[in-house]
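Residue numbers (the numbering used here), protein chains in the order written: chain F, 21 to 448; chain P, 1071 to 1420. Every residue, glycine too, gets a C-beta built ideally from N, C-alpha and C.
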Amino acid sequence: MSTAIALANIGMWVCVTVLAIYAVRHYFFTLNRLFGRHRQPFVDVVRADWPSLVVFVPAHNESQVIRDSLDALLTCDYPEEQLTIVPIDDRSKDDTREILLEYAANYPDRIKPLLRDDGIPGKAAALAEAMERYTGEIFLVFDADYIPGVRLLKQLVAPFFDPEVGAVMGRVVPLNVGLSLLTRLLDLERAGGYQVDQQARMNLRLVPQYGGTVGGVRRVALEHVGGWKIDSLAEDTDLTVRLALAGWDVVYQNRSECYEEVPETWEARIRQIQRWAKGHNQALRRYLSAWVLNRSHMPFAKVLDGVLLLGVFAVPLVLVVGWACTMLLFFAGYPPAWGVFTVLAISTFNTVGNFAAFFQVAAASRIDGSRERIRMLPFLFLGFLVSTFAVGRAAVSRASWIRGGPVVWQKTERFRTTRTGSTGGGKS
Amino acid sequence: MDATPLITFSLLVLALIAWMAIPLVPAFMELLKPRDASPLEAVGNDAGSLTYFAESFTERMTREGLLGTMVPPRLSDGTPVRAHNMAQPLVRQRQAYEDIVVFMDNEPVPDDITLSAEALARLTLRGGRNVTYRALLGQRDVVLGDASTVLRWIHARGRLEVGDGSRLFGRATAERDIILGDRVSFDRLEATVIRVSKTETPEPAALNTAEYEIFELPADVIELGPRYWRTEEDLRLPAGSALLGTIITTGSVVVNDGARVSGSVKAHGEIVVRAGAVVQGALTAWGRITIESGARVSGPVISESLVEVQAAIVGSATRRSTVTAPQIRLLPGATIYGAVMAGEDGRTAT
């Protein structure tokens, strides 16, 4: 019994320490964004001899949204002779393929669809196959529901003039904000995640994350790290880690903003979080030891940030273990070591710690200059509970930690029903 | 049975609930009557296009008829318009001119005046000394007198010449060239070519590869791809040598006289490109980048601290480029084809 108590004591303190580190991280990043120097060295590169660019748009049953995305890409100001748009249809069962063929017929020099009927399904496999067929220096990836602005391609390519940059990530901005409580909460969460979290990592030369869309990768860098891992559940996190391990920089461009459609139902949101969590935890399992052991070229802060980034979706599991240890100690009649101090530590975390993320979101709203939406902040607690539940479920799932079955397309359900100004695939 | 403790307890619980619900009041109000539920204004329209304001102003002026033969006394929103010409010139006055000013002919702008609204010059404009412009659109050439100030933007459809000691806040653009005088401070410049002083700087020639001695890479170099390397050492390319590829170093880089790099260079330290050296790619550094007289760089020049361009060339007539850094110093003879973007402090200097 005494061994169990000792283990529970140690477990509880480990959990408290981990959670405290994440809380400090939230505060540190937020304070950096509020008072630190804003680092965006590439945002002003407006004139250049732009390199050859291939834009991939992976699609699986995206007929509701893909026209808007292609229309937007066609109006971008990137030099036409240097740009190829490659929508990838991977076994769609709706009209996606017909739409792509229609666009290819109307823009034969600019849109070159890749139609997949066999091979391994999934986004990573689709990208891997597409990359083999096209010879651009830079690859950008947009999910089919994203609507890039006119100048976005140049903005995302500009960092690649730095030869050390392996990947670039832009900022994702929800378009369907006002539809429900959920979309409003996701708008706040995205603001915190990009405006504060990603930009702080950029400011501090840590590890901004390539997010798999509104971003891109340099061909040389991708080949250097072995290409896309087709069995990864989150090819973006997987690539971020491999690039950083190989010494490449990942750059976050806060001014390179692109609209996306966020989930409008809680079911879709839970599935989205679970997918992210499984992919992240898979990357944690694969790369944690390499990250810690092969760190000779990285400063300690970058190593620590990488570990925390990899572990972010395992935190709810840590939280649950911490609660279990605490309850075991309580019901066994053994007060935790250092009595009052422990109670204070846990209480502090439960108040200040949990609110660290809220502080981050509030700061992001302030920096964005959106003063009124911050009034929704108390509802974020609801979002936090749902996320904890979803991440917790994913964290204990087999796919998170053990190589599971074949990779399949797991995409977020689309809700868009009206078009936002498509040219209808006709030549304009 | 005494109910007082129960009532007291209930009141306390209610008070606690009410206290905890206070933050939810504005939350519910925003949820039920949204005041800020539209998407963030992503993708600023002006980002990446330095002439955005000039184009908007041109559209507005065209719509309001200010480009026609007659100038209306007011715009459709009531903003007064004042014409400046040989017959009715602006005069020196203590207060700023609040009207939109249209410069109708070549009559020079008097010294020491302030135009606190936008101005439009229909022909070549010759600005007086110590004139402050809020924003100025020149339909032809614009010549700013010494000690002029532009507060927001200036655009010339021809050439833009900026007098000594002037200050250009915001955006300064021209469709031909920009000629900067001495001690001019600036934020963002864009033109076909930007020069400090009118003298053209001769371009150093990149010789055939065979005429260079191929640079021997350090022993610790890591190959990242074909002709793509990374090293932890400082690099000094000897005079007359050539590096055929792209290199990243955690140290500093000196490209000595007459050397050539056929690729891009990244340094965590500083980069110096000496006289007659040619870099056919981009330069990126965390530290200072110095491009000395007689050197040429084809690609963008990006520093996270300072860029100094002496009598050297960045970009070319056929390959536009960008120089960007928090601090930029352009010395006489500096020639940039494209854009110069100073995040904090851009200046010409002797």
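Check the Cβ of residue i against every Cβ in chain F and list those closer than 9 Å, keeping chain order.
| i | result |
| --- | --- |
| D1109/P | Looking at the sequence provided, one finds Pro at residue 1109/P rather than Asp. Within 9 Å Cβ-Cβ: V193, P194, L195, N196, V197, G198, D207, Y279. |
| L1120/P | V66 |
Please say whether residue j and residue i have beta carbons closer to each other than 9 Å?
| i | j | result |
| --- | --- | --- |
| A266/F | L1294/P | yes |
| V1213/P | T1243/P | no |
| A1347/P | R1366/P | yes |
| V1266/P | I1284/P | no |
| V1331/P | I1359/P | no |
| H300/F | T233/F | no |
| Y166/F | Q218/F | no |
| L73/F | T37/F | no |
| A414/F | F333/F | yes |
| L1110/P | D207/F | yes |
Could you tell me whether the Cβ of residue i comes closer than 9 Å to any Cβ of chain F?
| i | result |
| --- | --- |
| D1106/P | yes |
| R1417/P | no |
| I1341/P | no |
| R1258/P | yes |
| E1100/P | yes |
| T1078/P | no |
| T1405/P | no |
| R1300/P | yes |
| L1094/P | yes |
| P1333/P | The sequence given here places Gly at residue 1333/P; Pro does not occur at that position. Interface residue, yes. |
| G1208/P | no |
| G1235/P | no |
| W1089/P | no |
| G1385/P | yes |
Rank the options by C-alpha distance to the C-alpha of residue i and give the top, closest one.
| i | options | result |
| --- | --- | --- |
| G1235/P | G1228/P, F1256/P, E1168/P | F1256/P |
| T1418/P | G1408/P, Y1407/P, G1403/P | G1403/P |
| N81/F | D109/F, I290/F, D91/F | D109/F |
| L1287/P | N1278/P, T1279/P, Y1298/P | Y1298/P |
| P283/F | F379/F, V44/F, F350/F, L205/F | L205/F |
| Q294/F | P107/F, A146/F, V416/F, P141/F | V416/F |
| G1357/P | S1368/P, V1335/P, A1345/P, G1351/P | V1335/P |
| D1175/P | A1191/P, D1169/P, Q1163/P | A1191/P |
| R275/F | Q175/F, N29/F, T408/F, F379/F | Q175/F |
| E281/F | F375/F, I30/F, G198/F | G198/F |
| A79/F | L405/F, A310/F, P141/F | P141/F |
| R1204/P | E1273/P, R1130/P, A1124/P | A1124/P |
| E287/F | D115/F, T203/F, A24/F | T203/F |
| A1345/P | A1352/P, G1328/P, R1144/P, G1333/P | G1328/P |
Chain F partners of residue i, CB-CB under 8 Å?
| i | result |
| --- | --- |
| R1390/P | R67, A68, D69 |
In chain F, which residues lie with their C-beta within 7 Å of the C-beta of residue i?
| i | result |
| --- | --- |
| K1336/P | D182, P183, E184 |
| A1280/P | Simply none; closest approach about 25 Å. |
Anything in chain P within Cβ reach of residue i, meaning under 8 Å, just list it in chain order.
| i | result |
| --- | --- |
| D64/F | R1258, T1392, T1394, A1409, M1411, G1413 |
| S390/F | D1106, L1110 |
| M396/F | A1097, E1100, L1101 |
| P283/F | Those within 8 Å of P283/F in chain P number zero; the least Cβ separation is about 15 Å. |
| R393/F | E1100, D1106, A1107 |
Closest Cβ-Cβ distance between residue i and chain P: below 9 Å?
| i | result |
| --- | --- |
| E156/F | One point to set straight first is that residue 156/F is Gly, not Glu, in the sequence displayed. So, not an interface residue. |
| A211/F | yes |
| F399/F | yes |
| V240/F | yes |
| R59/F | yes |
| R53/F | no |
| R171/F | yes |
| A178/F | yes |
Taking 8 Å as the line, does the beta carbon of residue i fall inside it for any heavy atom of the ligand GDP?
| i | result |
| --- | --- |
| V65/F | Looking at this structure, you won't find the ligand GDP or any other ligand, since it has none at all. |
Using a Cβ cut-off of 7 Å, pull out every chain P residue sitting near residue i, in sequence order please.
| i | result |
| --- | --- |
| P107/F | By Cβ distance, chain P contributes nothing, its closest Cβ being about 21 Å from P107/F, past 7 Å. |
| H244/F | L1294, G1295 |
| G267/F | R1300 |
List, in order along the chain, the chain P residues whose C-beta lies closer than 9 Å to that of residue i?
| i | result |
| --- | --- |
| L201/F | L1101 |
| R204/F | E1100, L1101, P1104, A1107 |
Check distances from the C-beta atoms of the segment 312-340 of chain F to those of chain P and list, in chain order, the residues that come in under 9 Å.
Taking 9 Å as the Cβ-Cβ cut-off against chain P, the residues of the segment 312-340 of chain F that qualify are H317.
Taking any Cβ of chain F, which residues in the segment 1350-1381 of chain P have a Cβ under 7 Å from it, in chain order?
Near chain F, meaning a CB-to-CB distance below 7 Å, the residues of the segment 1350-1381 of chain P are A1352, T1354, G1369, P1370, I1372, E1374.
Could you name the residues of the segment 1283-1297 of chain P whose beta carbon sits closer than 7 Å to any beta carbon of chain F, in the order they occur along the chain?
If the cut-off is 7 Å between Cβ atoms, the segment 1283-1297 of chain P has L1294, G1295 near chain F.
For the segment 1310-1322 of chain P, which residues have a CB atom closer than 7 Å to at least one CB atom of chain F, in sequence order?
Listed by position, the residues of the segment 1310-1322 of chain P near chain F (Cβ gap below 7 Å) are T1316, I1318.
Taking any Cβ of chain P, which residues in the segment 72-91 of chain F have a Cβ under 7 Å from it, in chain order?
Contact annotation: in the segment 72-91 of chain F, no residue has its CB less than 7 Å from a CB in chain P.
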